[in-house]
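Participant: Residue numbers (the working numbering): -1 to 149. Where a beta carbon is used, it is the ideal one built from N, C-alpha and C, also for glycine. All of these numbers come straight from a predicted model, not from anything done at the bench.
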């Protein structure tokens, strides 16, 4: 378990700058893309994730709403044993029609103190000693010199 946690934490740090060069389809029509969608499949290569969640996952539903400013809002609903849970996402338009950006706090070098504390609490609850839990300082702009993955 310790190896898994350290591996996941290391992978998350290493993958912060990873991105894909995915292009939208030609003549993308956001209005046709809008509406109700269902998440009917997932793919994970983590045996730990699969073992823990395979029997708990259910189809979830989302509604994609284009905004007048060109951005898109997505509300996702997932059924849990404790009831229905919703999440809200905003995707910002770019200069490329059909391409949007999404800001996730997990894609930044700056991490909120409460998130760091939750990570430390989780790691200690799994048996890691406090001196084995690392939260390195931001690398600053030096990471901008690193090539994107796959290039």
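1) For the segment 73 to 89 against the segment 106 to 113, do three or more pairs of beta-carbon atoms, one drawn from each stretch, fall closer than 8 Å, so that the two count as touching?
2) Leaving out the 5 sequence neighbours to the left and right, which residues in its chain are closer than 8 Å to residue 150 when beta-carbon positions are compared?
3) Have a look at residue 119 and residue 29 and give me their C-alpha separation to the nearest angstrom.
4) Out of 71, 55, 54, 56, point me to the one whose CA is closest to residue 62's CA.
5) Is residue 23 near residue 94, with beta carbons less than 9 Å apart?
6) When you measure from the CB of residue 90 to every non-hydrogen atom of the ligand SAM, does any distance come out below 8 Å?
7) Taking only the alpha-carbon atoms, compute the straight-line gap between residue 135 and residue 27 and give it to the nearest angstrom.
8) On a Cα-Cα basis, can you pick out the residue from 100, 60, 121 that is closest to residue 74?
9) Looking at the secondary structure, which residues open and close the alpha helix (DSSP H) in which residue 113 lies?
10) Leaving out five residues on either side along the sequence, give the residues of the same chain with a beta carbon under 6 Å from the beta carbon of residue 149.
11) Run through DSSP, which three-state label would residue 29 get?
12) In this structure, how does DSSP classify residue 85 when only helix, strand and coil are distinguished?
13) Could you check where the beta strand (DSSP E) with residue 72 kicks off and where it finishes?
14) Using beta-carbon positions only, say whether residue 37 and residue 57 come within less than 9 Å of one another.
15) Buried or exposed for residue 130, please, with buried defined as at least 16 other CB atoms from any protein chain shown within 10 angstroms of its CB.
16) Expressed to the nearest angstrom, what Euclidean distance is found between the alpha-carbon atoms of residue 67 and residue 128?
Facilitator: Walking through what the data contain:
1) no
2) Residue numbering for the chain in the displayed model covers -1 to 149; residue 150 lies beyond these limits and cannot be assessed.
3) As a working mapping, residue 119 is identified with position 121 in the chain shown. As a working mapping, residue 29 is identified with position 31 in the chain shown. Their backbone Cα atoms lie some 44 Å apart in a straight line.
4) Here the question's residue 62 lines up with position 64 in the chain shown. Measuring from the Cα of residue 62, the nearest candidate turns out to be 71.
5) Within the chain shown, numbered from 1, the residue matching residue 23 stands at position 25. Within the chain shown, numbered from 1, the residue matching residue 94 stands at position 96. Their beta carbons are not under 9 Å apart, which means residue 23 does not touch residue 94 by this criterion.
6) Ligands displayed in this structure: none; no statement on the ligand SAM is therefore possible.
7) Sequence index remark: in the chain shown, residue 135 carries index 137 (1-based). Sequence index remark: in the chain shown, residue 27 carries index 29 (1-based). Approximately 43 Å between the Cα atoms of the pair.
8) Translated into positions along the chain shown, residue 74 becomes position 76. For the residues 100, 60, 121, the minimum Cα distance to residue 74 belongs to 60.
9) As a first step, residue 113 must be located in the chain shown, where it is residue number 115. First-last of the alpha helix (DSSP H) with residue 113: 111 to 123.
10) Within the chain shown, the letter at position 151 stands for residue 149. Residue confidence is low: residue 149 scores 39 on pLDDT, short of 50, so the model does not pin down where it sits. No coordinate-derived value is stated.
11) Your numbering for residue 29 matches position 31 in the chain shown. Looking at residue 29 - three-state DSSP - the assignment turns out to be helix.
12) Taking the first residue of the chain shown as 1, we reach residue 85 at position 87. Looking at residue 85 - three-state DSSP - the assignment turns out to be strand.
13) On the chain shown, position 74 is the one that residue 72 refers to. Residue 72 -> beta strand (DSSP E) spans 70 to 78.
14) Against the chain shown, residue 37 aligns to sequence position 39. Against the chain shown, residue 57 aligns to sequence position 59. Contact: yes.
15) By one-based count along the chain shown, residue 130 stands at place 132. With fewer than 16 Cβ atoms within 10 Å of its Cβ, residue 130 is classed as exposed.
16) For the purposes of this step, residue 67 is taken as residue 69 along the chain shown, with counting starting at 1. For the purposes of this step, residue 128 is taken as residue 130 along the chain shown, with counting starting at 1. The straight-line gap from Cα to Cα measures roughly 47 Å.
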